[in-house]
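What follows is one structure encoded as structure tokens, with my remarks underneath.
In our numbering, the protein residues as written are 5 to 243.
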């Protein structure tokens, strides 16, 4: 099988990467939201890497009332918790010109992601198409909350249904921290995305990504994402 490799762009500085990321995301959203007034959805990753991009994106003059944003994954914690991706996205994006963006949470009032999965699924199924996504990658090769240490991981990456979200419970380690109850997008969600951007910062992650691209059968979560998205994915990286 021929693998369609994504486009990779490497930048000297983080500021250059951020600027290009903001430009690419803006063009994706602007071209859609102004096309006959149609709405669209941007799935957004949390973590430290995309935060500065969201800050700058909030200043861009887009038709934000027609744009929906939703987390690509979420820790099952209250939004006031420092680990909440909803908190991060709202603090960095839902302000300035983007103050009217439509935010759809990936966390409910249920006691666990398993109990809340159906409620979140129903909300995500109502999100307007087309879908776009901004991804990051952990130093272990995970994207969203696709952790190999989770007992649900193998069934998650091989599922063939049309669910957009799934509960997942990775083993606690230095990357997950205490956040072992989570909700995440599924492979089907990636299949449905028209375009995707993956942001990578630092030599360690760049080297890991390079190894993954040289070994497309390497069984890391990021490999599965790349194989799903193929040429729809653009990778922006610093070394």
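For glycine and all other residues, C-beta sits at the position ideal for the given N, C-alpha and C.
All values reported here derive from a predicted model rather than from experimental measurement.
Checklist entry - Around the C-beta of residue 208, are 16 or more other C-beta atoms found within 10 angstroms, so that it is buried, or is it exposed? => result Taking the chain shown and counting its residues from 1, the one referred to as residue 208 is at position 204. Exposed, since its Cβ has fewer than 16 Cβ neighbours within 10 Å.
Item to check | Length-filtered (3 minimum) beta strand (DSSP E) runs lying within the segment 41 to 77 | outcome: 44 to 48 and 71 to 75
Item to check | Proximity winner among 241, 104, 158 and 221, relative to residue 139 (alpha-carbon distances) | outcome: Indexing the chain shown from 1 puts residue 139 at position 135. When only C-alpha atoms are compared, the closest one is 241.
Checklist entry - My guess is that residue 72 and residue 131 are in contact by the Cβ rule of under 8 angstroms, so how many angstroms apart are they, rounded? => result Translated into the one-based positions of the chain shown, residue 72 becomes position 68. Translated into the one-based positions of the chain shown, residue 131 becomes position 127. That pair is a contact at about 6 angstroms.
Item to check | Best match in 171, 145 and 134 for proximity to residue 44 [C-alpha to C-alpha] | outcome: Counting from one through the chain shown, the residue named residue 44 turns up at place 40. Ranking 171, 145 and 134 by Cα distance to residue 44 puts 134 first.
Next on the checklist: Counting C-beta neighbours from all protein chains within 10 Å, is the total for residue 158 16 or more, i.e. buried, or is it exposed?
Outcome noted: Translated into the one-based positions of the chain shown, residue 158 becomes position 154. By the 10 Å Cβ count, residue 158 comes out exposed.
Checklist entry - In angstroms, rounded to a whole number, what distance separates the CA positions of residue 48 and residue 212? => result Numbered from 1 along the chain shown, position 44 holds the residue referred to as residue 48. Numbered from 1 along the chain shown, position 208 holds the residue referred to as residue 212. Answer to the nearest angstrom: the Cα atoms are 22 angstroms apart.
Item to check | Extent of the continuous alpha helix (DSSP H) run through residue 126 | outcome: Residue mapping note: residue 126 aligns to position 122 of the chain shown, counting from 1. 117 to 129 is the extent of the alpha helix (DSSP H) around residue 126.
Item to check | Proximity below 9 angstroms, CB of residue 149 to CB of residue 78 | outcome: As a first step, residue 149 must be located in the chain shown, where it is residue number 145. As a first step, residue 78 must be located in the chain shown, where it is residue number 74. Yes, Cβ-Cβ distance for residue 149 and residue 78 is below 9 angstroms.
Checklist entry - Expressed to the nearest angstrom, what Euclidean distance is found between the alpha-carbon atoms of residue 55 and residue 61? => result Stepping through the chain shown from its first residue, residue 55 is reached at position 51. Stepping through the chain shown from its first residue, residue 61 is reached at position 57. If you take the alpha carbons of residue 55 and residue 61, they lie about 10 angstroms apart.
Item to check | Continuous beta strand (DSSP E) stretch holding residue 176: start and end | outcome: The residue given as residue 176 occupies position 172 in the chain shown. Looking at the DSSP string, residue 176 is not in any beta strand (DSSP E), and its letter there is neither H nor E.
Item to check | Beta-carbon proximity of residue 21 to residue 33, cut-off 9 angstroms | outcome: In the chain shown, the residue the question calls residue 21 occupies position 17. In the chain shown, the residue the question calls residue 33 occupies position 29. No, these two residues do not count as a Cβ contact at 9 angstroms.
Checklist entry - Which term fits residue 186, buried or exposed, when burial requires 16 or more other beta carbons within 10 angstroms of its beta carbon? => result Translated into positions along the chain shown, residue 186 becomes position 182. With 16 or more other Cβ atoms from the protein chains shown falling within 10 Å of its own Cβ, residue 186 counts as buried.
Next on the checklist: In whole angstroms, give me the CA-to-CA distance for residue 108 and residue 14.
Outcome noted: Sequence index remark: in the chain shown, residue 108 carries index 104 (1-based). Sequence index remark: in the chain shown, residue 14 carries index 10 (1-based). Their backbone Cα atoms lie some 32 angstroms apart in a straight line.
Checklist entry - How should residue 171 be labelled, buried or exposed, when 16 other C-beta atoms within 10 angstroms of its C-beta is the threshold for buried? => result Along the chain shown, read from residue 1 onward, the residue named residue 171 stands at position 167. Residue 171 comes out buried.
Checklist entry - For residue 50 versus residue 76, is the C-beta distance shorter than 9 angstroms? => result To locate residue 50, count along the chain shown from 1; it is residue 46. To locate residue 76, count along the chain shown from 1; it is residue 72. Against a cut-off of 9 angstroms, the Cβ pair of residue 76 and residue 50 comes out as a contact.
Checklist entry - Shortest alpha-carbon distance to residue 128 belongs to which of 162, 69, 188 and 9? => result The residue you call residue 128 lines up with position 124 of the chain shown. Here the closest residue by C-alpha is 188.
Next on the checklist: Here's the rule: buried if 16 or more other CB atoms are within 10 angstroms of the residue's CB, otherwise exposed. What is residue 126?
Outcome noted: As a first step, residue 126 is located in the chain shown; it is residue number 122 there, counting from the start. The residue is exposed, with fewer than 16 neighbouring Cβ atoms inside 10 Å.
Item to check | Whole-number beta carbon distance between residue 165 and residue 192, since they are thought to touch under 8 angstroms | outcome: Sequence index remark: in the chain shown, residue 192 carries index 188 (1-based). Sequence index remark: in the chain shown, residue 165 carries index 161 (1-based). The C-beta separation of residue 192 from residue 165 comes to about 7 angstroms, placing the pair in contact by the 8 angstroms criterion.
Checklist entry - Would you call residue 155 buried or exposed, if buried means 16 or more other Cβ atoms sit within 10 Å of its Cβ? => result Mapped onto the chain shown, residue 155 falls at position 151. Counting every other CB atom within 10 Å of its CB across the protein chains shown gives residue 155 a total below 16, marking it as exposed.
Next on the checklist: Please report the distance separating the alpha-carbon of residue 196 from that of residue 88.
Outcome noted: The sequence position of residue 196 within the chain shown is 192, counting from 1. The sequence position of residue 88 within the chain shown is 84, counting from 1. Each residue's Cα considered, the two are about 25 angstroms apart.
Checklist entry - Going along the chain, which unbroken runs of the beta strand (DSSP E) with 3 or more residues stay wholly within the segment 149 to 215? => result 169 to 172, 186 to 189 and 197 to 204, all fully within the segment 149 to 215.
Next on the checklist: Based on DSSP bridge pairs, tell me the residues matched to residue 238.
Outcome noted: The residue you call residue 238 lines up with position 234 of the chain shown. Paired residue(s): 11 and 201.
Next on the checklist: I need the DSSP call for residue 81, collapsed to helix, strand or coil.
Outcome noted: Counting from 1 along the chain shown, the entry for residue 81 is found at position 77. Reduced to three states, the DSSP call for residue 81 is coil.
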